[in-house]
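**Student:** In the numbering used here, the protein residues as written are 2 to 576.
Ideal Cβ placement from N, Cα and C applies to all residues, glycine included.
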Amino acid sequence: METRDQESVDLEQSENPGIYNIEEQNEDAQQHVDEEQQGGKEQQQAEKNGNEENNEYAKTSNQAEKNQYADMNNNPKKPAPSASEQARKTQRQIPDNIEEWKELLVKSIGLNKSFEVQVREMTFGGKKVGLLFLSVFAKDSALTEIIKRLTYLETDSVMDHDSMHTFLECYVPAIQITTTNSFPKMIDEVLMGNTAFYVDGEPTALIIDAKTYPARNPEQPSLEKVVRGSQDGFTETLIVNVALIRRRLRDPNLRFEMLKVGRRTQTDVCIGYIEDIANVELVESIRDKIKAIDIDGIPLADKQLEEMTVNSSWNPFPLVRYTERPDVVSAQLLEGSVTIIVDTSPSAILLPTTYFDLVQHAEENRQNPFMGTYMRWVRYLGMLVSLFMMPLWYLFNENQALRPQWLWFVGADKVGQIPLILQFLIAEIGVDLLRLAAVHTPAPLVTAMTLLSAILIGDIAVKTGLFINEVILYMAVSAIGMFATPSYELGLANRIIRLGLLLTVFFFHQIGFVVVTTLVFIYLAFKRSFNTPYLWPFLPFNAAGFLNILLRRPLSTNKKRLSIYRTKKNRKQPI
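Dropping the structure here:
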């Protein structure tokens, strides 16, 4: 009966196709309207429940992703995680299937998208093996030797369940090898340049240190040159820098702790200290501040690390000491300092730092005590001249009554076509322009460019009557004093103070000079570097430390470490 009814319906549909087409269209239209209404209801429901992020959160099945959305809602300032970060966070363990392992590599590290990310698949001992590495860091000779050794395995040999242990102990010819079952750690190690050795069926990976970095050989430091002494300086490779220090300090208590900074850069930061000398609280304070850094990265290395750990804000004075010399770092470690070495930086940071630490130079200790003390005093004199000579000359020139009788020669008989204060400001800016131009000029042309510019511009400015000879003279002497400052950062800070003194003398005369000098001194007295007074040993006064600043004492009489470091052992020599 049902078959007969169906045949009649088919016959009627064939005789009147238009009617049935219209009915089908009406049904489709009605279905479309129903779908739109249903979609509208769903949209209204989604808007009622929350925004799109909450809707996505509700659809998310993975618990780790739900936690990430919750973190984003609770902390809107936190940047949204990338697809690579999500893949690394959601997959904590290394999978035991090589195909699944490769799929995760595509999501997390960009396999098949980034040309330097490569996986070498092979079969050894009846097991599928994958070598994950970055071609720009991989050491070809080491990896080739590893593959060569693995080819000795017979195809019919069967590895037991502990394949990774067997590979590690018997077949992999590498010195530094570690085992991990953490997928994020494996990715981090590969990004450092190591090679991940994966065997199908095993939820672990071997991390093989078979990397090489682009590096240059140690060269003479550009800012801390000495006539006598070592001519090797730090490079941009952290391993080389640590080796230069280890070569000088063969102390079993010397420690180098490795930390990582930056979610994206994963920059290696090394904290160096001598365990039985350095202050434990200082080391812990530095370590905690570095660990507390939460930032995308520090591609500019130590300077960005300084800004994230030292509360310097708009302070022009440096609160850390930079050095390019491994012998200076070694000497300071023996005194109780702590050093920070950042990968890709050719300098090291020394902590804690005082103002008088920034005016020390290695050349003083390469000479005998008498000559070292003389050179130190000359340097101090150059810094004082750089700071105060130009403001005082301008003050005495504008107020003749303040000038002492024995300074009868101070002052100008005639003034150029430009006011004196503008002459000084233009000269200051001109010296800075010459310095910047020298940085960006090819090395063979630097000397000729600076000499011609300084001599020609100064001579023409005086002959045309725009400047006077005294301004050019005192500006040149002040510039020499600034460049004689061992710390480049301190020299720049002193220049800013000199400009401030010039302007205050112009507006407020002697009162401005006294007030600004006093305010700068009080400001420095209250500054601290890792809980260390910045003007120590002057404030608070320490007789032994102040004597050590004034004189380059003979090594045989320098038997105690300075109290500012609060070291565990105070004596360097027996009584």
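Since Y214 is in the alpha helix (DSSP H), which residue starts that stretch and which ends it?
**Tutor:** No alpha helix (DSSP H) holds Y214; DSSP gives it neither H nor E.
**Student:** Between D297, I246, Q574 and G263, which has its C-alpha nearest S348's C-alpha?
**Tutor:** If we check each option's Cα against that of S348, I246 comes out closest.
**Student:** Over what stretch of residues does the alpha helix (DSSP H) that includes G373 continue unbroken?
**Tutor:** P370 to E399 is the span of the alpha helix (DSSP H), which, as asked, contains G373.
**Student:** Which residue comes first and which comes last in the beta strand (DSSP E) that contains D269?
**Tutor:** It spans T268 to I275 - the beta strand (DSSP E) in which D269 sits, taken as one unbroken run.
**Student:** If I measure Cβ to Cβ from Q26 and keep anything under 7 Å in the same chain, skipping five residues before and after, which residues do I get?
**Tutor:** Annotation note: pLDDT 43 at Q26 (below 50); position unreliable, coordinate value reported separately. For Q26, where only same-chain residues beyond five positions count, there are no Cβ hits under 7 Å.
**Student:** In chain order, what residues of the same chain have a beta carbon less than 7 Å from the beta carbon of A143, not counting five sequence neighbours either side?
**Tutor:** Taken in chain order, the residues that qualify are A175 and A211.
**Student:** Over what stretch of residues does the beta strand (DSSP E) that includes K140 continue unbroken?
**Tutor:** Looking at the DSSP string, K140 is not in any beta strand (DSSP E), and its letter there is neither H nor E.
**Student:** According to DSSP, simplified to helix, strand and coil, what is G459?
**Tutor:** In the structure shown, G459 sits in a helix (DSSP, three-state: H, G or I).
**Student:** Which full runs of the beta strand (DSSP E) of 3+ residues lie inside the segment 187-260, going along the chain?
**Tutor:** Those beta strand (DSSP E) runs which fall completely within the segment 187-260 and span 3+ residues are 196-200 and 206-209.
**Student:** Let me make sure I understand the geometry here. Which of K261, R436 and T180 has the alpha-carbon closest to that of C271?
**Tutor:** Nearest of K261, R436 and T180 to C271, Cα basis: K261.
**Student:** Given this structure, state the Cα-to-Cα distance separating L385 from F184, to the nearest angstrom.
**Tutor:** Using only the alpha carbons, I get a separation of about 58 Å.
**Student:** Whole angstroms are fine: how far does the CA of N182 sit from the CA of E308?
**Tutor:** The straight-line gap from Cα to Cα measures roughly 36 Å.
**Student:** Looking only at its chain, what residues have a beta carbon closer than 7 Å to the beta carbon of V137, apart from the 5 residues adjacent to it on each side?
**Tutor:** Result list for V137: E117, in chain order.
**Student:** Nearest to F198 by CA position, among T213, A216, P215 and I147, is which residue?
**Tutor:** Per the Cα distances, I147.
**Student:** Would you kindly work out how many angstroms separate the C-alpha atoms of L421 and Y375, rounded to a whole number?
**Tutor:** Roughly 35 Å separates the two Cα atoms.
**Student:** Going by DSSP in three states, L563 sits in which element: helix, strand or coil?
**Tutor:** If DSSP states are grouped into helix, strand and coil, L563 belongs with coil.
**Student:** In the DSSP assignment, find the alpha helix (DSSP H) that holds A349 and state where it starts and stops.
**Tutor:** No alpha helix (DSSP H) holds A349; the beta strand (DSSP E) holding it covers A349 to L352.
**Student:** Can you check which of these residues, S530, V478 and D189, is closest to Y566 by C-alpha distance?
**Tutor:** Taking only the C-alpha atoms, the option nearest Y566 is S530.
**Student:** On the criterion of 16 or more Cβ atoms from any shown chain inside 10 Å, does I296 qualify as buried, or is it exposed?
**Tutor:** I296 comes out exposed.
**Student:** Cβ of L525 within 9 Å of Cβ of F318?
**Tutor:** Yes. Within cutoff.
**Student:** So who's on the other strand from F134, going by DSSP bridges?
**Tutor:** Its beta-bridge partners are Q119.
**Student:** Which term fits D289, buried or exposed, when burial requires 16 or more other beta carbons within 10 angstroms of its beta carbon?
**Tutor:** Label assigned to D289: exposed.
**Student:** For P534, name the three-state secondary structure that DSSP assigns.
**Tutor:** P534: strand per DSSP, three-state reduction.
**Student:** By the 10 Å Cβ neighbour count, where 16 or more other Cβ atoms means buried, how is S314 classified, buried or exposed?
**Tutor:** S314 comes out exposed.
**Student:** Applying the criterion that 16 or more other CB atoms from any shown protein chain within 10 Å of the CB defines a buried residue, is M483 buried or exposed?
**Tutor:** Per the 10 Å Cβ criterion, buried.
**Student:** Which residues in the same chain as V478 place their Cβ atom closer than 7 Å to its Cβ, once the five residues preceding and following it in sequence are excluded?
**Tutor:** Hits under 7 Å: V386 and M390.
**Student:** Roughly how far, in whole angstroms, is the beta-carbon of P370 from the beta-carbon of R553, given that I think they are within contact range, below 8 Å?
**Tutor:** So it is a contact: roughly 5 Å between Cβ atoms.
**Student:** How would you write the range of the beta strand (DSSP E) that Y323 sits in, first residue to last?
**Tutor:** Looking at the DSSP string, the run of the beta strand (DSSP E) that includes Y323 is R322 to T324.
**Student:** Mind checking who Q94 pairs with in its DSSP beta bridge?
**Tutor:** Paired residues: S183.
**Student:** So what does DSSP say about K128, is it helix, strand or coil?
**Tutor:** If DSSP states are grouped into helix, strand and coil, K128 belongs with the strands.
**Student:** Would E237 and D328 qualify as a contact pair, given that the criterion is a beta-carbon distance under 9 Å?
**Tutor:** Cβ distance not < 9 Å, so E237 and D328 don't count as in contact.
**Student:** Please list the terminal residues of the continuous beta strand (DSSP E) segment that includes I341.
**Tutor:** Taken as a continuous stretch (DSSP letters only), the beta strand (DSSP E) holding I341 covers V339 to V343.
**Student:** Mapping DSSP to helix, strand and coil, what is D6?
**Tutor:** Unreliable placement is indicated for D6, whose pLDDT of 45 sits below 50; the coordinate value is still reported in the next sentence. In this structure, D6 counts as helix in the three-state DSSP scheme.
**Student:** Considering only the alpha carbon of each residue, which of T310, I481, M187 and S557 lies closest to R380?
**Tutor:** Comparing Cα positions, the closest option is I481.
**Student:** Which term fits K560, buried or exposed, when burial requires 16 or more other beta carbons within 10 angstroms of its beta carbon?
**Tutor:** K560 comes out exposed.
**Student:** Starting from A438, trace the alpha helix (DSSP H) both ways and give me its first and last residue.
**Tutor:** Start and end: L421 to V440.
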